[in-house]
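Each residue of the sequence shown is one higher than the one before, counting from 721 in this note's numbering. Idealized CB from N, CA, C, for every residue including glycine. Report on the following structure.
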Amino acid sequence: MRKQRTRQAISDVATRLFISRGFEEVTIAQVAEAAQVAKMTVTNHFPRKEDLVFDVHESFVASLAEVRGRPLVAAFRRAWRAGLERRDALLGFSGPEFARMIVESPTLLARLRELHEEREKALAASLLDELDSDTARAVAAQIGSVARLLFDEVLRRIADGEPEAEVAAAVGRAGERMFDLLESGLGSI
């Protein structure tokens, strides 16, 4: 419990610093000083500086692979609608300052692309029990692409200062069209 509180405190301090000064401008040493912990404590909890921003990266990577149900696209659509309804951070919802920090940082955008790729690979691996490797990778690529496009659109709109309700409505319409396309292509898988 204490370890989790320390981790959260470090993440909160780092987020405030990154938002106020810019991600690239803040060092791990400055985060440690502001959080009143040793630099090693920061790196023990967050091996990469980007992990201070994407502190839920493990949940993000696992999020697609955890969706269950058939047909597969319908299950993803249901999970996505539920996340949209609760304005889930795993779909890109965050405060505008946080979103702007990400979209303005080449380093964070590169890490976000990596996380999307990891999420797609995790989904493909989770489908291997039911599908051959090529099919699993193809299905994961299609679902992962839709998830990434929708995430990016949410993040961009939030960074631009659009109210969450408007973002959810617009992205909701776009998502329904994308899931319709997936269903027509993937059928009953």
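CB residue i to CB residue j, shorter than 8 Å?
i    : j    : result
V773 : A754 : no
L843 : A860 : yes
A867 : L784 : yes
G812 : R839 : no
Since residue i and residue j are thought to touch, with beta carbons under 8 Å apart, how far apart are those beta carbons, to the nearest angstrom?
i    : j    : result
V776 : A819 : Contact doesn't hold; Cβ gap of about 15 Å is too wide.
F738 : T827 : Incorrect: roughly 11 Å between the Cβ atoms, too far for contact.
R788 : A795 : 6 Å
V887 : R877 : 4 Å
Do you know offhand how far residue i's Cα is from residue j's?
i    : j    : result
P767 : T761 : 10 Å
A889 : A758 : 44 Å
A845 : A856 : 7 Å
A885 : I909 : 32 Å
P816 : G892 : 19 Å
D852 : H765 : 37 Å
Q724 : L870 : 31 Å
Relative to the alpha-carbon of residue i, which residue among the options has its alpha-carbon at the smallest distance?
i    : options                   : result
L906 : F871, Q862 and A867       : Q862
E778 : Q756, G815, L835 and V823 : L835
E837 : S904, V781, E903 and Q756 : V781
Buried or exposed, going by whether 16 or more other CB atoms sit within 10 Å of the CB of residue i?
i    : result
R797 : buried
M721 : exposed
A749 : exposed
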